[in-house]
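Data first, discussion second: the structure below is written as structure tokens.
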Amino acid sequence: MRDSSKIRNLAIIAHIDHGKTTLIDSIFRAVHTFRENARVNDRVMDNNELERERGITIRAKHCCVEWKDYLINIIDTPGHADFSGEVERVLSMVDSVLLLVDANEGPMPQTRYVLMRALKLGLKPIVIVNKVDRPNANPAGALDKTFDLFIELGANDEQADFTALYGSGLNGWMVRDLETDKREGMEALFETIIEKVPAPVVTNEAPFLMQVSTLAWRDHIGRIGCGKVLQGVLRKGPSFQRITTKWNGYNKAEGWSIVDNQEERATHLWVTRGLDMIDTDSVSAGDIVWVAGPKDINIGDTFAAIDMENAALAPLEIEEPTVSMLFLVNSGPLSGKEGRAVTIRQIRDRLARELRTNVALRVEDIDRADGVKVSGRGELHLAILIEEMRREGMELCVSAPEIITHRDADGKLLEPMEELMIDVPLDFQGVVIEKIAKRKGELTSMHNSGTGMLRLEFTIPTRGLIGYRNEFLTDTRGLGIMASRFTGYGPWCGEVVSRQRGSLYSTDNGDATSYSLANLQQRGLLFVKPMDPIYAGMIVGENARPGDLPCNPTKRKALTNHRAAGKDHEVQLDVPKTHTLDTALEWIANDELVEVTPKSIRMRKIILDLEERKKMEKRLASASVG
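Be aware that the sequence shown starts at 1296, since it is given in the numbering used here, and climbs by one per residue.
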């Protein structure tokens, strides 16, 4: 049994792309976690293929390193706002946090959120100003802004008197003083962790108590719960009580209550060493442990000694969904040609597996047999799930994202709101402010950094951000930086201006031809190239004007006795725009779908037949008039 005074439990928190996972790589190298000749990828904690491709952490990861005679448990947390709920839950397992701040960007929206949660839990952060060796880095400015943020968020005197380190996670060095200290190695970081992170306050003699903070799944075992042992000892075999609790109301003002209490046993116990889960027979206070045995473990479940009274702990907050989509069977003419899993049963089975560990996800039945409604924390949260499904060989159609609304006690309509922070060159401030205003955004702050970049802060409904990110990159020529976080529900802001341009959609089936596309590209921006398979109702481009435009991209040049196809000048086609899943979901309108297969991303009308679509539009128009 390890002495709890030699244990340090901490999490690394930051805005997306401020260097959390890269810093952990350097920590591993510093303590020689891997053999000298071992082949280790960069960002070793991001072991998911999508995490590596996108350069983001999607799910919180736990690792453990040994330095001298200390055991340091480190949790790498997601930086994107759609996965912020994971950050909040894992903070319940740690005794301090490393707050990373980019030396150039300073605190960003997600920095504010994660720091606020850490301060509310009474944690005293260690601030790391990262990427100080980058061009345009301003470590002193970033630190000053971070201190201001501490004060703004109500940090107490002890929390505001934080320790700061400077360094480069990429190059593997940390120092206390940029001017005098030698820029080599991670000794300063480890020494600061041992000195400033408190050891777990525990009592091994007290009755066993822990709370489940995260979930995992293993086939043949089932759900696995992870949490910190708060007191006592847990062993395989002996019984303990599992207490399930829930909040009584939507806003949690009505408190919480116990909904279930069962006797359980631990069949498996694991602790983390390096990146590996190591089987063990017992764990004690201060340990972070993985537990299997209880059926259907839930986030927030209390595990306690069988004879312990009043053991139940308050439920952990699970983030509520703010955005929903319809997941539908692919009913298009190309269904089943590129994917092997195409039925509603297969879609439901896959979503059921996701619900085992993705606690922020909701799946609901709808009034149709070919689909379900799936709700999540944001567009990215759902897009990640869809991308994983297509890589597993599935194909399906998904609708445009829709926000989830609520009503307050007076019946007033509420919608999700976001804090939006934009860094943009001065030359583009006008178009950005104009576009955000049309999307019901309100400018709350403006700051000129003196480097040619302007920082704009807005309050905006979540609806206003749907479909805007790519437009923003176009307007700022790819030089702007945009980040947002969910702040809660606010009054309905009225209608938001949607996509300004219509669709070019096909009226025929076949393969796209150069002849037809050459004419169509004069009407708008194409999404397809010659020889692509086309079907009636499929979207083949963006109209240059408002409103949809029917077309026939499969039309071939008519041949006569006097001229052949090859006699005219060579056709010159523009490079078509290739949509990713993310950009397609942002682009489609409410009467359109994204067709997702393992090989292709297509867009289509919900009703493929033109005449049926016209009849539906007439019925909707009549209903609105009536």
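Beta carbons are placed, not taken as given, at the ideal position from N, Cα and C, and that holds for glycine.
key: For R1734 and Y1763, believed in contact at Cβ under 8 Å, the rounded distance   = To locate residue 1763, count along the sequence shown from 1; it is residue 468. To locate residue 1734, count along the sequence shown from 1; it is residue 439. Y1763 to R1734, Cβ: 6 Å. Contact.
message = Quick check on DSSP: helix, strand or coil for E1887?
response = By one-based count along the sequence shown, residue 1887 stands at place 592. Strand.
query = Grouping DSSP H, G and I as helix and E and B as strand, with all else coil, what is I1738?
reply = As a working note, residue 1738 is residue 443 in the sequence shown. Checking the sequence shown, residue 1738 turns out to be Leu, not Ile. Three-state DSSP puts L1738 in a strand.
ask   = Since A1606 sits in a beta bridge, which residues does DSSP pair it with?
value = On the sequence shown, position 311 is the one that residue 1606 refers to. Paired residue(s): none; A1606 is not in a bridge.
inquiry  = Do A1580 and S1299 count as a contact pair if the criterion is CB distance below 8 Å?
reply    = Stepping through the sequence shown from its first residue, residue 1299 is reached at position 4. Stepping through the sequence shown from its first residue, residue 1580 is reached at position 285. For the pair S1299 and A1580, the CB atoms are nearer than the 8 Å cut-off.
Per-residue DSSP class, three states only, for F1293 = In the structure displayed, the chain extends from 1296 to 1921; residue 1293 sits before or after that span and is not available.
message = Helix, strand or coil, according to DSSP, for D1452 in the structure here?
response = In the sequence shown, counting from the first residue as 1, residue 1452 sits at position 157. D1452 falls in the helix class under three-state DSSP.
request  = Grab the span of the alpha helix (DSSP H) containing N1814 for me, first residue to last.
outcome  = For the purposes of this step, residue 1814 is taken as residue 519 along the sequence shown, with counting starting at 1. N1814 -> alpha helix (DSSP H) spans 1809-1815.
ask   = When you compare only the Cα positions, how much space is there between G1725 and W1882?
value = For the purposes of this step, residue 1725 is taken as the residue at position 430 of the sequence shown. For the purposes of this step, residue 1882 is taken as the residue at position 587 of the sequence shown. Spanning the two alpha carbons is a distance of roughly 23 Å.
ask   = Does the distance from the C-beta atom of V1385 to that of A1494 stay below 8 Å?
value = The residue labelled residue 1385 in the question sits at position 90 within the sequence shown. The residue labelled residue 1494 in the question sits at position 199 within the sequence shown. No, the Cβ-Cβ distance between V1385 and A1494 is not below 8 Å.
request  = Mark E1474 as exposed unless 16 or more other C-beta atoms lie within 10 angstroms of its C-beta, in which case mark it buried.
outcome  = Taking the first residue of the sequence shown as 1, we reach residue 1474 at position 179. With fewer than 16 other CB atoms across the displayed protein chains lying within 10 angstroms of its CB, E1474 is exposed.
key: Pair within 8 Å by beta-carbon distance, V1727 and D1770   = Along the sequence shown, one-based indexing puts residue 1727 at 432. Along the sequence shown, one-based indexing puts residue 1770 at 475. Yes.
query = Rounded to the nearest angstrom, how far is the Cβ of I1642 from that of H1357, given a contact under 8 Å?
reply = Mapped onto the sequence shown, residue 1642 falls at position 347. Mapped onto the sequence shown, residue 1357 falls at position 62. The Cβ separation is near 31 Å, so there is no contact.
query = Are E1559 and P1589 close, meaning C-beta to C-beta below 8 Å?
reply = Here the question's residue 1559 lines up with position 264 in the sequence shown. Here the question's residue 1589 lines up with position 294 in the sequence shown. Annotated as proximal: E1559 and P1589, with beta-carbon spacing under 8 Å.
inquiry  = Check whether the region 1647-1658 and the region 1906-1921 are in contact - that is, three or more C-beta pairs closer than 8 Å.
reply    = The way I'd put it, the region 1647-1658 doesn't touch the region 1906-1921; fewer than three beta-carbon pairs between them come closer than 8 Å.
task = Going by DSSP, name the residue or residues bridged to F1535.
result = As a first step, residue 1535 is located in the sequence shown; it is residue number 240 there, counting from the start. Here F1535 is bridged, per DSSP, to E1559, A1600.
Separation of E1890 from F1485, as counted between CA atoms = Residue numbering aside, residue 1485 sits at position 190 when the sequence shown is read from its first letter. Residue numbering aside, residue 1890 sits at position 595 when the sequence shown is read from its first letter. Taking the straight line joining both Cα atoms gives about 50 Å.
ask   = Does the beta-carbon of T1741 have 16 or more other beta-carbons within 10 angstroms, so that it is buried, or is it exposed?
value = As a position in the sequence shown, residue 1741 is number 446, starting the count at 1. According to the sequence displayed, residue 1741 carries Met and not Thr. Label assigned to M1741: exposed.
request  = Can you have a look at H1310 and say buried or exposed, based on whether 16 or more other CB atoms are within 10 angstroms of its CB?
outcome  = Residue mapping note: residue 1310 aligns to position 15 of the sequence shown, counting from 1. So H1310 ends up on the buried side.
task = Give me the Cβ distance between L1504 and L1525, rounded to the nearest whole Å; I'm assuming they're in contact under 8 Å.
result = Taking the first residue of the sequence shown as 1, we reach residue 1504 at position 209. Taking the first residue of the sequence shown as 1, we reach residue 1525 at position 230. For L1504 against L1525, the beta-carbon gap comes to about 5 Å, under 8 Å, which counts as contact.
key: Own chain, CB closer than 7 Å to P1628, minus 5 neighbours either side, in chain order   = Indexing the sequence shown from 1 puts residue 1628 at position 333. So the list reads N1804, Y1830, once near-sequence residues are dropped.
Simplified DSSP assignment, three categories, for D1660 = Here the question's residue 1660 lines up with position 365 in the sequence shown. Correct three-state label for D1660: strand.
ask   = Quick one: Cα of L1799 to Cα of P1841, how far?
value = Residue numbering aside, residue 1799 sits at position 504 when the sequence shown is read from its first letter. Residue numbering aside, residue 1841 sits at position 546 when the sequence shown is read from its first letter. Taking the CA atoms as reference points, L1799 sits about 11 Å from P1841.
inquiry  = Considering just the uninterrupted stretch of the beta strand (DSSP E) at K1363, what are its terminal residues?
reply    = Along the sequence shown, one-based indexing puts residue 1363 at 68. Looking at the DSSP string, K1363 is not in any beta strand (DSSP E), and its letter there is neither H nor E.
inquiry  = According to DSSP, Y1800 sits in a beta bridge with which residue or residues?
reply    = Against the sequence shown, residue 1800 aligns to sequence position 505. Beta-bridge pairing links Y1800 to I1834, P1845.
inquiry  = Per the DSSP calculation, Y1784 is bridged to which residue(s)?
reply    = The residue labelled residue 1784 in the question sits at position 489 within the sequence shown. According to DSSP, Y1784 bridges with P1711.
ask   = Roughly how many angstroms separate the alpha carbons of A1455 and R1412, rounded to a whole number?
value = Counting from one through the sequence shown, the residue named residue 1455 turns up at place 160. Counting from one through the sequence shown, the residue named residue 1412 turns up at place 117. Rounded to whole angstroms, A1455 and R1412 show a C-alpha spacing of 15 Å.
ask   = Any idea which residues DSSP pairs G1581 with across the strands?
value = In the sequence shown, the residue the question calls residue 1581 occupies position 286. For G1581, which the question treats as bridged, DSSP gives no partner whatsoever.
task = Go through its chain and collect everything with a Cβ distance to A1587's Cβ below 6 Å, but skip five positions before and after it.
result = Indexing the sequence shown from 1 puts residue 1587 at position 292. Its chain contains I1516, I1519, T1562, H1563 as the residues whose beta carbon lies nearer than 6 Å to that of A1587, once the 5 sequence neighbours on both sides are disregarded; these appear in chain order.
request  = Take K1632 and list the residues in its own chain whose beta-carbon comes closer than 6 Å to its own, dropping the five residues that flank it on each side.
outcome  = Taking the first residue of the sequence shown as position 1, residue 1632 is located at position 337. Listed in chain order, the non-local C-beta contacts of K1632 below 6 Å within the same chain number zero, local neighbours out to five positions each way being set aside.
Neighbour-count burial assignment, D1596, 16 or more Cβ in a 10 Å radius = Residue 1596 sits at position 301 when you count from the first residue of the sequence shown. Counting C-beta atoms within 10 angstroms of its own C-beta, D1596 has 16 or more neighbours from the protein chains shown and is therefore classed as buried.
query = The alpha helix (DSSP H) spanning G1725 covers which residue range?
reply = The residue labelled residue 1725 in the question sits at position 430 within the sequence shown. Per DSSP, G1725 belongs to the alpha helix (DSSP H) from 1724-1733.
request  = Spatial neighbours of M1911 within its chain, please: CB distance less than 7 Å, with the 5 preceding and 5 following residues excluded, ordered by chain position.
outcome  = As a working mapping, residue 1911 is identified with position 616 in the sequence shown. When the five nearest sequence neighbours on each side are left out, the beta carbons in the same chain lying within less than 7 Å of the beta carbon of M1911 are those of I1902, in order along the chain.
ask   = DSSP on R1908, reduced to helix/strand/coil?
value = Counting from 1 along the sequence shown, the entry for residue 1908 is found at position 613. R1908 carries a helical assignment under DSSP once its states are collapsed to helix, strand and coil.
message = Which same chain residues end up closer than 6 Å to L1751 when comparing Cβ atoms and leaving out the 5 residues on each side of it in sequence?
response = For the purposes of this step, residue 1751 is taken as residue 456 along the sequence shown, with counting starting at 1. Closer than 6 Å at the Cβ level, and outside the excluded window around L1751, lie I1717, M1741.
Span of the beta strand (DSSP E) around L1868 = In the sequence shown, counting from the first residue as 1, residue 1868 sits at position 573. Going by DSSP, L1868 is part of no beta strand (DSSP E) at all; its letter is neither H nor E.
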